[in-house]
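Taking this note's numbering, I'd label the letters of the sequence shown as residues 11 to 197. The beta-carbon is built from N, C-alpha and C at its ideal position, and this holds for glycine as well. Notes for the one structure printed next.
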Amino acid sequence: MVEERLLILRFKRGSPQALRRIYDKYKVELLKLATVLLGDGNAAEDIVHDVFVAFAGSAERIKLTGSLRSYLTTSAVNRVRNHRRNNHRHGGISPEDASLPPSGGPGPAQWAILSEQLALLAEALQQLPYEQREALSLRMEMDMSFRQIAAVQHVPLNTAKGRYRYGMERLRSLLNSEVRQCDPQTT
11 MVEERLLILR FKRGSPQALR RIYDKYKVEL LKLATVLLGD GNAAEDIVHD
61 VFVAFAGSAE RIKLTGSLRS YLTTSAVNRV RNHRRNNHRH GGISPEDASL
111 PPSGGPGPAQ WAILSEQLAL LAEALQQLPY EQREALSLRM EMDMSFRQIA
161 AVQHVPLNTA KGRYRYGMER LRSLLNSEVR QCDPQTT
């Protein structure tokens, strides 16, 4: 929190290094969040870019009352909502077209399995109502509390909890039905 306050202070004084540090610190998690919410890696990159461009232009007038992370997350979520509204996207894209940010780790065989699992998860997530998908993503990807989720979604605390719970139940149901369809013992 102290580092964040110092970064904000330096950013407000015009330090390009502070802006770069903020960008480096939050870019990946905002990109993951936007990708999960949209199901479109390219659009997610555009949204995260727009968030940071707008943030960079706000140095003189920005007044943070909470954490910088919450501010940037709220900005990203609002831009995702605007993108969905402007493009009239109610369905999302196919899992084959979805792209996720690269990460290090697994070898080729593990990537094949992970890729298949991610495709199933991406497809199931896209079938959830947007508000539930958003609540799940904020909780799982951004590790936000239900109070923070309620603030981002502009809803009562119990509504945020309900969206998360119903989203998890629906996601389990979708993934379990997919597993049953793929299991040769059930056919």
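A direct Cα-Cα distance of roughly 28 Å separates L41 from N186. Cα atoms of Y140 and E13: separation of roughly 34 Å, rounded to the nearest angstrom. In this structure, S80 lies near V162, with their beta-carbon atoms less than 9 Å apart. Straight through space, the alpha carbons of A170 and S77 are spaced by roughly 20 Å. The segment 56-71 makes no contact with the segment 142-152; the number of CB pairs closer than 8 Å stays below 3. Fewer than three Cβ pairs drawn from the segment 131-140 and the segment 21-31 lie within less than 8 Å of each other, which leaves the two stretches out of contact. Contact annotation: M150 and T83 have beta-carbon atoms that are not nearer than 9 Å. By a beta-carbon distance limit of 8 Å, L128 does not contact V90. Their separation comes to about 19 Å.
If only complete runs of 4 or more residues are kept, the segment 143-190 shows the alpha helix (DSSP H) at 156-163, in order along the chain. In the DSSP annotation of this structure, the continuous segment of the alpha helix (DSSP H) that includes E14 starts and ends at 12-22.
For the options K37, A66, K73, the alpha carbon positioned closest to that of M152 is the one of K37. Taking all protein chains in view, the Cβ of R182 is surrounded by fewer than 16 other Cβ atoms within 10 Å, so the residue is classified as exposed. Bounds of the alpha helix (DSSP H) holding A64 are 51-66.
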